[in-house]
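**Q** Would you mind keeping the following structure in view while I ask a few things?
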Amino acid sequence: ETGVTQTPRHLVMGMTNKKSLKCEQHLGHNAMYWYKQSAKKPLELMFVYSLEERVENNSVPSRFSPECPNSSHLFLHLHTLQPEDSALYLCASSQDVGNTEAFFGQGTRLTVV
Amino acid sequence: GIQVEQSPPDLILQEGANSTLRCNFSDSVNNLQWFHQNPWGQLINLFYIPSGTKQNGRLSATTVATERYSLLYISSSQTTDSGVYFCAVLYGAGSYQLTFGKGTKLSVIP
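Here the protein sequences line up with chains A and B, keeping their order. For the first sequence, counting from 1, position 83 maps to 83 in the working numbering; every step adds exactly one. For the second sequence, counting from 1, position 43 maps to 43 in the working numbering; every step adds exactly one.
Right, dumping it as structure tokens:
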């Protein structure tokens with residue numbers, strides 16, 4: 001395993017479901033990120049973690065809940081989502097926050113029905 | 001905040017042709033990356049290039065930080081080059097948010 005790995009690759013969930021997205025990085029990095037890519041919009045930063053501490057929450061609704069149990073793993077817990085939350089969710093990592101190269105996972109394509 | 005503009009928005013090339021993609025940004029940046037997003041959604045790192053010129057095979061990139069632009073050159077294009085190319089910048093003291101442009105969608109036809 002190398003780089004940044006995300007699971008699942010595809011997810012379909014109902015508005016009342018609870019699900020989690022998982023991200024794992026094998027690069028020895030200290031910072032991890034969640035980004036959202038909606039159709040026709042630029043990638044948007046959602047959350048940033050540095051050494052397992054959250055350093056940024058970009059006005060993301062509380063139905064998205066991140067968790068970083070250690071510097072190699074990042075989760076995004078989802079509950080009571082809306083159809084407009086359907087998007088590609090991308091995880092990234094970098095050596096440290098700021099001024100270092102970011103590497104992205106393959107993404108989870110989420111559809112909320 | 002900073003504005004990142006990419007051009008052209010769409011580009012269709014015959015296989016074997018060369019192309020230049022441009023990224024303009026409205027303020028000084030600490031970091032600039034070029035990515036290729038493949039049809040399955042993955043962002044693949046092409047260059048980490050806050051300034052200067054780098055080359056990797058058929059691809060090369062140049063960032064002129066003082067003039068606030070970066071160029072990505074693709075030579076002898078192949079169908080596997082198809083996808084969306086993004087420029088992303090990091091700016092401001094203590095910043096950790098990459099700001100992405102809207103991308104250039106490249107289609108290489110046989």
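C-beta atoms are modelled at their ideal positions from N, C-alpha and C, and glycine is treated no differently. Note that this is a predicted model, so its numbers are computed, not measured.
1) Of all the options A:6, A:68, A:88, which has the alpha carbon lying nearest to the alpha carbon of residue 23 of chain A?
2) If you reduce the DSSP assignment to three classes, tell me which class residue 104 of chain B lands in.
3) Name, please, each residue of chain A whose Cβ falls closer than 9 Å to the Cβ of residue 45 of chain B.
4) Considering Cα atoms alone, identify which of B:110, B:1, B:77 is closest to residue 21 of chain B.
5) Whose Cβ in chain B lies nearer than 7 Å to the Cβ of residue 43 of chain A?
6) Can you pull the chain B residues whose beta carbon is under 9 Å from the beta carbon of residue 90 of chain A, in chain order?
7) Identify the contact partners of residue 111 of chain B in chain A, using a Cβ-Cβ distance below 9 Å as the criterion.
8) Per DSSP, which residues does residue 19 of chain B bridge with? Please list them.
9) Over what stretch of residues does the beta strand (DSSP E) that includes residue 15 of chain A continue unbroken?
10) Step through the CB atoms of chain A and report whether any lies within less than 8 Å of the CB of residue 56 of chain B.
**A** Taking the geometry as given:
1) Here residue 23 of chain A refers to the residue found at position 23 of the first sequence. Of the listed residues, the one whose Cα sits closest to residue 23 of chain A is A:6.
2) Counted from its first residue, the second sequence places residue 104 of chain B at position 104. Residue state, collapsed to three classes: strand.
3) The residue labelled residue 45 of chain B in the question sits at position 45 within the second sequence. Those are 101, 102, 103, 104, listed as they occur along chain A.
4) As a working mapping, residue 21 of chain B is identified with position 21 in the second sequence. Checked all of B:110, B:1, B:77; the closest Cα to residue 21 of chain B is B:77.
5) By 1-based counting over the first sequence, the position of residue 43 of chain A is 43. Those within 7 Å of residue 43 of chain A in chain B are 100.
6) Locating residue 90 of chain A in the first sequence gives position 90, counting from the first residue. By Cβ distance, chain B contributes 41, 42, 43.
7) Any answer about residue 111 of chain B is impossible in this case: the structure gives chain B only from 1 up to 110.
8) Against the second sequence, residue 19 of chain B aligns to sequence position 19. For residue 19 of chain B, which the question treats as bridged, DSSP gives the partners B:74.
9) As a first step, residue 15 of chain A is located in the first sequence; it is residue number 15 there, counting from the start. From DSSP, residue 15 of chain A is part of no beta strand (DSSP E); its letter is neither H nor E.
10) Here residue 56 of chain B is taken as the residue at index 56 of the second sequence, counted from 1. Taking a beta-carbon distance threshold of 8 Å, residue 56 of chain B does not count as an interface residue toward chain A.
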